[in-house]
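Chains as they are written, first to last, in the working numbering: chain A, 8 to 331; chain B, 260 to 929. Virtual Cβ for every residue (Gly too), placed ideally from N, Cα, C.
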Amino acid sequence: MISIMRKLVSVSALAACLTVSGAFWAAAEEYPNKPIKFLIPFNPGGQSDVAVLFLKPGLEEYLGVDIVPQHRPGGGGAVGWTMLAQEKPDGYMMAVTNLPHIVMQPIMTEGVQYKTSDLAPVYLYASSPGGVAVRANDDRFKTLEDLVTYSRENPKKLSIGGTGKFTGNHLGFLQFTQLADIDASYVSFNGAAPQTAGLLGGHVDALYGGTFIFANNREKIRVLAVATDERLADFPDVPTLKEKGYDMESGIDRGVTVPAGTPQDRIDKLAKALALAAKNPDFIEGMQKLGFQLLDIGPEEYAKFIQARKDQYTKVLKQAGLLK
Amino acid sequence: MGNITEPVNLLLMVAGVAGGILVGALPGLTGTMAIALLVPFTYGLSPEGALIMLGGVYVGSMYGGSIAAILINTPGAPASIATTLDGYPMAQKGQAEEALAAAATSSGIGGMVGTLILLLFSPLLAALSLKFGPPEFFWLGIMGLTIIAGLSAKSLAKGVVGGLFGVLLSTIGLSPSTGVSRLTFGVSDLLGGVEIIVALIGLFCIPQIMAMAESAGSGGSLASFTPSRGRSYKTMLRVFRRWGNLLRSSIIGVIVGIIPGAGGNVAGLLSYQEAMRAASNKEEFGHGAIDGVIASETANNAEVEGSLIPLLTLGIPGAPQAAVLFGALLLQGLRPGPELFTGYGATITYTFIISLFLANITMFVLGFFGSRYYARALNLPLHLLMPVVLSLSVVGSFAGRNSILDVFIMLLLGLLAYAGTKVAISPAPIALGVILGPIIEQGLVESMMLSRATGSLFELFFTRPISLVLIFLTVVSAGWPFFMSHREKKKLLSQGKDLTATARPIPAPRKAPPAGAQSEWVSNLWIAALGLLVAVITLVKLQGLDLQTAILPRVCAVLLVVFALGLLVNGIRLWLAGRVARPEGVPEMRKIHVIGVITLAFGNVLLMPVIGYFTTTFVVFVLVALLLVPKEKMRRQAPMIVVMALAICIAFYLIFQQVFNVPFPEGLFL
């Protein structure tokens with residue numbers, strides 16, 4: 008009923024506008040003037056949901072229109088990003104966008120019908136860094152050196168659990184084993200829960216996973232190293248891989264994109280709104296509780312960031328012989 | 260502990276349970292979706308309030324699924340799939356109220372036993388849950404598949420073909436383990452695969468709709484239901500006497516619950532299987548055995564508490580619903596693990612656990628006393644009930660992923676399942692394959708990856724203790740139908756009876772064959788032809804893929820070829836032997852209804868994006884109802900039909916669009 012009313016109102020408004028064409032153009036130029044869809048390419052209840060939930064009030068306040076979250080799960084996000092890529096580039100749909108997903112899917116997965124360049128970067132708000140962890144009671148691996156030494160002496164024997172292939176965890180695993188020059192066996196679990204259970208149950212020796220897992224299993228898991236530039240405030244005693252001589256950073260980087268071709272001023276407006284919304288204390292608190300590291304990166308830097316990640320990951324895949 | 264009796268918390272719990280029942284009863288809306296939707300709202304509540312409410316939704320939705328399963332043979336949520344197997348036949352025999360009351364009672368008992376186990380044995384069971392690694396997962400899935408042997412007493416080959424087809428369906432899209440896509444036929448939306456709920460709605464709902472279309476016009480209803488006093492109470496007492504079944508099913512439910520990745524649907528199916536094995540009246544299963552309903556519903560509600568065990572103790576959710584609850588816990592600043600069982604955390608945790616006890620009682624009360632009212636839905640004339648179910652199938656298959664392709668897949672699978680009813684293939688084995696396929700595949704491929712480190716795949720599969728137990732159970736359950744029929748033969752032989760006359764110990768179904776049923780040899784040839792076609796397409800499409808991506812679909816396709824050839828040979832043999840008679844007592848099919856409904860259903864999908872969802876739903880509802888209404892009643896019924904169509908549209912608008920944020924396609928109109 009409300010929508011019918013809204014339709015009637017908009018039709019009559021349109022008619023009115025057409026008679027006064029000057030007013031019509033002015034109204035059309037005002038962006039935004041209708042609700043903006045916020046696409047979440049994952050199932051309801053995931054970590055992206057939380058981000059959108061807490062960004063929403065700030066965005067609505069700054070932009071003055073409704074933000075309508077919409078889920079389109081499937082194919083590890085590929086279905087949703089394909090939908091975004093095909094959307095009209097008018098700034099009325101944006102999507103939660105993850106790295107390395109949008110870099111990896113177009114090159115590694117047959118049948119994916121979007122290109123990384125179809126998505127225009129707007130704002131990068133958080134990252135969940137990766138790291139290497141073992142069971143807390145596993146005396147074989149007190150330090151990262153123990154793990155590397157063991158794996159060198161026993162090629163293939165060291166099993167490391169991750170989630171999926173060509174994902175943040177898999178790429179982190181590949182880069183780490185390349186830099187450490189070890190031959191470990193990757194076991195791809197279907198999500199963080201089976202991955203954690205796989206480690207705690209002794210089915211795999213170690214895992215390459217997100218700090219999210221580490222933060223929630225402090226008593227049972229020993230984190231050997233994290234793949235960040237500096238030590239994490241949450242884990243002050245855990246060294247970085249860089250400190251250990253492995254020059255890498257990895258993780259899942261979460262941002263927002265719109266269809267390529269969206270006018271620059273609209274992208275800038277959205278970016279500004281997102282940056283302001285991300286100052287919301289609820290957002291900051293919620294993201295930290297879920298184990299995210301907050302970022303504040305605008306369109307230009309975000310584009311460079313994507314390119315840098317792409318270069319990094321393609322190099323890793325080429326070295327692993329997975330990409331020609 | 261006094262927190263639970265605070266009025267606000269009690270109110271939240273009752274609201275959660277009632278909402279959960281509604282969501283569970285509507286095919287397509289699941290407890291997972293409802294909990295995810297509520298998490299943001301619970302942010303403003305106290306931690307206890309939030310958990311109590313979400314726990315209520317979880318408990319309620321598990322039971323709610325049984326209502327649709329019993330009344331319209333469609334699992335309202337995947338977890339109630341096993342309930343359809345006997346719940347619907349009970350309703351058809353006029354025992355809808357008994358089935359519903361039994362579901363409510365056994366759900367309540369399962370939930371309470373589960374809560375008790377959660378309260379007393381959490382640490383022990385958490386340790387057990389970690390023992391389930393990839394090989395155990397694989398065997399659990401295989402063991403589940405052997406239910407097909409029990410379900411397909413009449414023709415094992417047909418059941419197996421159905422199961423293999425289901426597993427193949429489940430492998431469409433990205434392989435979760437290798438990230439490589441398969442069998443997507445260039446449709447990028449298929450990368451996400453076939454959603455279980457979409458497949459279930461298609462496989463169960465559409466044949467039901469078509470059956471209603473076939474028999475509509477006489478002004479009858481789906482099943483007769485006459486309320487009478489004291490029926491629910493008698494049923495409740497009857498359920499209490501099945502304490503062996505209740506206890507066994509609760510334990511199975513909890514154990515499946517603690518395994519991350521296996522949910523209520525697996526719990527219900529496995530305990531159904533065990534109930535069938537343990538029963539003395541095996542031949543009644545599938546034809547309205549109350550024990551089947553009890554087993555399924557007890558287990559899926561015990562699974563709720565089971566899935567919370569690894570969540571609360573280890574931070575590893577045992578089911579999708581528990582995964583969403585995990586998010587709610589974290590947002591409340593609660594970290595699963597020891598913190599939840601000491602100090603401040605313990606207060607919240609124990610309040611939550613006790614609230615689950617009360618939630619199960621609330622669910623029982625709402626379900627039990629509602630039974631006779633829910634059952635009245637059956638008395639709706641077919642020309643009204645059928646369009647309601649059709650609209651529900653469309654909205655339910657769309658709402659999960661907001662995808663029109665999903666509606667299309669649902670209809671396509673539905674038509675296939677409908678055709679299956681003509682050649683004596685039931686949808687249950689296909690559904691089983693869809694549900695268990697991913698579990699088997701993950702177990703298999705993860706084990707293969709693991710074997711690179713351990714050195715031997717054989718050792719992984721055949722030397723681990725839990726695996727051995729599962730293998731033993733698998734062999735027993737795959738074998739018992741044959742063993743039983745062998746023993747039966749022997750007994751008959753020893754009594755000197757003529758074997759050819761009683762070769763089949765399992766009595767023929769008491770139902771008449773469906774309209775348009777084919778003779779056995781024609782059925783076999785059809786299934787063989789389709790099976791071979793599917794297998795060949797699969798094998799061709801899998802060419803060039805790596806071993807781990809292709810292994811499960813490839814093995815299934817090869818097995819499909821074997822069984823299809825078997826059916827082919829058998830069909831030819833029957834034909835040569837001159838056994839070509841069509842089944843007796845096949846009722847006449849109203850072809851015009853069937854063709855009309857199929858056209859309207861597909862028209863519905865095609866028109867949705869053009870003229871808008873609500874307009875389409877309204878128009879299709881009215882047209883379908885007018886097509887089915889008996890001529891002489893047309894005039895009197897027309898206003899009722901329009902009112903009903905409007906009511907459905909408004910209800911969908913309020914529930915799906917306003918509450919669940921489903922973005923319905925808007926076209927020219929709404």
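Per-residue DSSP class, three states only, for B/L703 | helix
Under the three-state reduction of DSSP, which class applies to A/N287: helix, strand or coil?
-> coil
Taking a cut of 8 Å between CB atoms, which residues from the region 62-95 of chain A lie near chain B?
-> V75, P76, Q77, H78, R79, P80, G81, G82, G83, A85, V86 and T89
Using 8 Å as the threshold, is the region 87-98 of chain A in touch with the region 122-132 of chain A, meaning 3 or more CB pairs across them?
-> yes
Short Cβ contact (9 Å threshold) for B/V654 with B/G287 = For B/V654 and B/G287, yes; Cβs fall inside 9 Å.
Close beta carbons around B/G346, own chain, < 6 Å, minus the five adjacent residues each side = A328, I329, A358 and V552
Residue ranges of each alpha helix (DSSP H) within the region 64-96 of chain A, 4 or longer = 85-92
Do you know whose CA, among A/Y193, A/E226 and A/F299, lies nearest A/T235's CA?
-> Ranking A/Y193, A/E226 and A/F299 by CA distance to the CA of A/T235 puts A/F299 first.
Three-state secondary structure (DSSP) of A/P201 = helix
Spatial distance of B/L505 from B/D550 (CA atoms) | Straight-line spacing of the CA atoms in B/L505 and B/D550 works out to 9 Å.
Runs of alpha helix (DSSP H) wholly within the region 840-897 of chain B (minimum 4 residues, chain order) = 850-870 and 872-887
In the DSSP assignment, find the unbroken beta strand (DSSP E) run with B/Y603 in it and report its ends.
-> From DSSP, B/Y603 is part of no beta strand (DSSP E) but of the alpha helix (DSSP H) over G602 to Y633.
For the candidate residues A/I291, A/Y38 and A/G175, whose alpha-carbon lies nearest to that of A/K317?
-> A/G175
Please report the residue range of the beta strand (DSSP E) in which A/M100 lies.
-> Run containing A/M100: M100 to L106, per the beta strand (DSSP E) assignment.
Go ahead and label B/D448 buried or exposed: buried means 16 or more other beta carbons lie within 10 angstroms of its beta carbon, across all protein chains shown.
-> buried
Can B/F911 be considered in contact with the ligand SAH, in the sense that its beta carbon sits closer than 8 Å to one or more heavy atoms?
-> Absent from the structure shown: the ligand SAH. Ligands present: none.
Taking the DSSP output, what are the residues bridged to A/V265?
-> A/A127
Should A/S195 and B/T713 be called a contact, given that it needs their Cβ atoms to be closer than 9 Å?
-> Contact flag unset, no.
Closest Cβ-Cβ distance between A/G209 and chain B: below 9 Å?
-> Answer yes: the Cβ-Cβ gap between A/G209 and chain B drops below 9 Å somewhere.
Cα separation between A/S28 and B/L929?
-> Bear in mind that the predicted position of A/S28 carries a pLDDT of just 46, short of 50, making it too unreliable to give a figure here.
Pull up the distance between the alpha-carbon of A/A213 and that of B/A737, whole angstroms please.
-> 37 Å
Whose CA, out of B/L882, B/V267 and B/V298, lies closest to the CA of B/F585?
-> It is B/V298 whose Cα lies nearest to the Cα of B/F585.
Go ahead and pull the three-state DSSP assignment for B/D448.
-> helix
Contact belief for A/L181 with A/A58 at Cβ below 8 Å, rounded distance in angstroms | So it is not a contact: roughly 27 Å between Cβ atoms.
What's the C-alpha gap between B/L671 and B/A458?
-> 10 Å
Kindly indicate the opening and closing residues of the beta strand (DSSP E) around A/L214.
-> First-last of the beta strand (DSSP E) with A/L214: A213 to G217.
At a Cβ threshold of 9 Å, is B/G438 touching chain A?
-> yes
Which of the three DSSP states, helix, strand or coil, is assigned to B/S411?
-> coil
Reducing DSSP to helix, strand and coil, say where A/A133 ends up.
-> strand
Inspect the beta-carbon positions of B/V276 and B/T621 and report whether they are closer than 9 Å.
-> yes
Is the CB of A/Q300 under 9 Å away from at least one CB in chain B?
-> With respect to chain B, the C-beta atom of A/Q300 has no partner C-beta closer than 9 Å.
Could you name the residues of chain B that A/N223 contacts, counting a contact when the two beta carbons are closer than 7 Å?
-> G574, R594 and P595
What whole-angstrom Cβ distance do A/V75 and A/P42 have, given they're in contact under 8 Å?
-> 5 Å
Would you mind telling me which residues of chain A sit closer than 7 Å to B/V419, beta carbon to beta carbon, in chain order?
-> Within 7 Å Cβ-Cβ: nothing; B/V419 doesn't reach chain A, min ~26 Å.
Got a sec: is the Cβ-Cβ distance from A/P201 to anything in chain B below 9 Å?
-> Chain B contact via Cβ: present.
Among B/L806, B/E779, B/V856 and B/L804, the one whose alpha carbon lies nearest that of B/A840 | B/E779
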